[in-house]
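Report on one structure; see the data block that follows.
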Amino acid sequence: MITIHHHPDSTFARRVAMVMIEKNTPHEKVLVDMAARAHRSPAYLALNPYGRVPTLVEDDFVLYESTAILDYLEARFPAPPLVPVDARGRARVAMHMKLCDLQLARQAGTIIFPRRFLSPARWNHDAMALAKAEIETHLAILDPQLSGRSYLVADAYSLADLCYTPFLQFLPLMEITPTPAVAAWAARLLQRPSASRTAPAR
Ligand SMILES: N[C@@H](CCC(=O)N[C@@H](CS)C(=O)NCC(=O)O)C(=O)O
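Following this note's numbering, the numbering of the sequence shown begins with 76 at its first residue and continues without gaps.
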């Protein structure tokens, strides 16, 4: 049995929760009480020395980093497929997953963590403004790739789209107005049952 250590407020853990729904994969969930610093407990650090969620455990196999977990689940449970069969399509999914983390997820964290969990007095406005500009630049690069298409790769829903979904949820919170193509893509992704069933409470 697969166990996922998670927190419902975590954007990265939501990726794993979503793929489990997309693939209808049986699993157990363990809530890591981050407010109580459980992610820094010796027991959790023994599993994931970075003290972050999500972490996957299956028998004696432990895996962290959400994209690595998604790749493992795709290999372990290939149906329904969330990557194309051809080499170029697979490579493009990998490219978009990496770019999501490099160009959007990290910057989004700079904005959405304080906006969700800290009082405005503790916000780093300069860092948040820079992060917002970087996200807008990235979305402008994605825009022509999405124009006239429903999804990022091969016009089929894939792990690339899934990786973006938890962060697209927070475009309004980040006060980012997407282009029409990006807005339509975000709405399409957020309407999927795997997204609506994992939407965070705040
Ligand atoms: N690159 C990691 C990022 C995971 C991550 O940053 N998770 C956050 C919650 S959204 C976390 O556990 N933060 C706790 C900490 O860094 O102390 C992944 O893709 O899994």
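Think of the CB as a built atom: it goes at the ideal place given N, C-alpha and C, for glycine as much as any other residue.
Beta-carbon contacts of Pro-253 that lie in its chain and below 7 Å, excluding the five residues immediately before and after: Correct list, in chain order: Leu-214, Leu-246 and Ala-261.
CB-CB length for Val-257 against Leu-221, believed under 8 Å: 6 Å
Three-pair Cβ contact test at 8 Å for the stretch 225-243 versus the stretch 192-207: no
Boundaries of the beta strand (DSSP E) in which Val-168 is found, first to last residue: Careful: Val-168 lies outside any beta strand (DSSP E), inside the alpha helix (DSSP H) at 162-175.
Whole-angstrom distance between Leu-148 and Leu-122, CA atom to CA atom: 18 Å
Option in Pro-129, Pro-189 and Gln-182 with minimal Cα separation from Leu-205: Gln-182
Local Cβ density within 10 Å of Tyr-57, reported as buried at 16 or more and exposed below that: What is shown of the chain runs 76 to 277, which leaves residue 57 out entirely.
Contact between the stretch 134-146 and the stretch 106-120 (3+ Cβ pairs under 8 Å): Too few Cβ pairs lie closer than 8 Å, so no.
When Ser-85, Ser-116, Ala-92 and Leu-138 are compared against Ala-270, the one with the closest alpha-carbon: Ala-92
Nonlocal neighbours in the same chain, by C-beta distance under 6 Å from Arg-167, ignoring five residues either side: Val-228
Cβ-Cβ distance between His-81 and Lys-104 below 8 Å: Taking 8 Å as the cut-off, the Cβ atoms of His-81 and Lys-104 count as close.
Under 8 Å between C-beta atoms of Arg-191 and Arg-89: The answer is no: Cβ separation not under 8 Å.
Closer than 7 Å: Ser-271 CB and nearest ligand 1 heavy atom: no
According to DSSP, residues forming a beta bridge with Leu-132: Correcting the residue type first, residue 132 is Val in the shown sequence and not Leu. BP columns for Val-132 point to Thr-78 and Val-137.
Residues near Glu-211 by beta carbon distance below 8 Å, same chain, minus five either side: Ile-251
N-terminal and C-terminal residue of the beta strand (DSSP E) that Leu-265 is part of: Premise fails: Leu-265 lies in the alpha helix (DSSP H), 255-265, not in any beta strand (DSSP E).
Cβ pair count under 8 Å reaching 3, the stretch 145-163 against the stretch 174-189: no
Residues of its chain near Ala-202, where Cβ-Cβ distance is below 7 Å and the 5 sequence neighbours each way are ignored: Excluding its 5 nearest sequence neighbours in each direction, Ala-202 has C-beta neighbours in its own chain below 7 Å: Thr-185, listed in chain order.
Of the listed residues Ala-208, Cys-238 and Arg-224, nearest to Met-249 (C-alpha basis): Ala-208
Residue burial classification, Val-160 (beta-carbon count within 10 angstroms, cutoff 16): exposed
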